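Residues in the sequence shown are numbered consecutively from 484, following the working numbering. Note that the Cβ used here is the ideal one computed from N, Cα and C, for glycine as well. Values in this document were obtained by computation on a predicted structure and should not be read as measured data. Step one of this worksheet: look at the structure below.
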Amino acid sequence: MLTKGMKYLADIHKSDEFRDKSKAIIEKAEKCEWCGSTTKLVVHHKTSMKRSIRLWTLSLWVSTGHEYNSVRHTKEEKEIFKAFCDEHHGEILESAKKSYLAFNDVIVLCNRYHYAIHKGLKKCPTCDGYMTENRKQCSKCVPSPYSRYLESIEDMEDEDDGYMDEDATE
Ligand SMILES: [Zn+2]
Ligand SMILES: [Zn+2]
Ligand SMILES: [Zn+2]
484 MLTKGMKYLA DIHKSDEFRD KSKAIIEKAE KCEWCGSTTK LVVHHKTSMK
534 RSIRLWTLSL WVSTGHEYNS VRHTKEEKEI FKAFCDEHHG EILESAKKSY
584 LAFNDVIVLC NRYHYAIHKG LKKCPTCDGY MTENRKQCSK CVPSPYSRYL
634 ESIEDMEDED DGYMDEDATE
C-alpha cells in the first residue's frame, strides 16, 4: 500500500498540475516562512501523501460501516482490513491525490529548512541552526556549563567591587 502510494507521489510531483500550483504558491509567498530567504523555495505539504492515504483509508473504512477500533485487533480483523485496503486502493489513492493537489495544508520553505522539516527538525529562534521539536534553543545557543560558570564568576566580581578597585590601579 505504502510503496504504491510513494510511487504514485513521484508521478504527482512530475505532473503539470503540481508544478503550476507549486509555482503559484511560491510566487505568492515570496519567501521562506522560517528564514525569509527568497531563493530555492519549495512547497512543503504538512499532511504528507503517506498520512493522507492513511486518513482516507480510515475514513472510507468507517464510512462503509466498519468499527474504527477493529483495524488492529485480531489476526482475522487485520486480514479483513488488508483485503479492504487492496480492494479500495485505487479509490483511496485518488482521494489522497486530490487532497494533496488542493495544497491546503502547506508551508513555503527554502531548500535548507525543507530538508530540516523532513528530518523532524525546526529552526532555532535565535540562530540559523536546527533543533528537535521539544527544544527551545539549539545546542549552540544553549549556554554550556562552562560559560554559565564564567557568568557566575563575573557576578561575584561585580558584588566585590570595592576590593577589585584597589588592585585595578596596578
Ligand atoms: Zn529558509
Ligand atoms: Zn516536504
Ligand atoms: Zn541556535
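Practice task
Give every residue of the same chain whose Cβ lies closer than 7 Å to the Cβ of Val589, excluding the five residues on either side of it in the sequence, and list them in chain order.
Solution key: Cβ within range, chain order: Ile508, Val526, His527, His528 and Lys529.
Handout entry: Residue of Pro626, Lys619 and Leu592 minimising C-alpha distance to Phe518
Key = Checking the displayed sequence, the identity of residue 518 turns out to be Cys instead of Phe. Checked all of Pro626, Lys619 and Leu592; the closest Cα to Cys518 is Leu592.
Practice task
In the DSSP assignment, find the alpha helix (DSSP H) that holds Thr615 and state where it starts and stops.
Solution key: It is not in any alpha helix (DSSP H) - Thr615 instead sits in the beta strand (DSSP E) that spans Tyr613 to Thr615.
Handout entry: Residues sharing a beta bridge with Cys593, DSSP
Key = Its beta-bridge partners are Leu524.
Handout entry: Same chain, Cβ closer than 7 Å to Ile600, neighbours up to 5 away in sequence not counted
Key = Closer than 7 Å at Cβ, skipping near neighbours: His527 and Leu592.
Handout entry: Residue span of the alpha helix (DSSP H) that contains Lys514, given as start and end
Key = Where Lys514 is concerned, there is no enclosing alpha helix (DSSP H), given that its DSSP letter is neither H nor E.
Problem - Buried or exposed by the 16-neighbour rule on C-beta atoms within 10 Å, applied to Arg502 - result: So Arg502 ends up on the exposed side.
Practice task
Label Tyr613 either buried or exposed according to how many other C-beta atoms from any shown protein chain fall within 10 Å of its C-beta, with 16 as the threshold for buried.
Solution key: Result: buried.
Practice task
Spatial neighbours of Thr540 within its chain, please: CB distance less than 7 Å, with the 5 preceding and 5 following residues excluded, ordered by chain position.
Solution key: If we look at Thr540 and ignore the five residues flanking it on each side, its Cβ neighbours are Cys568 and Ile575.
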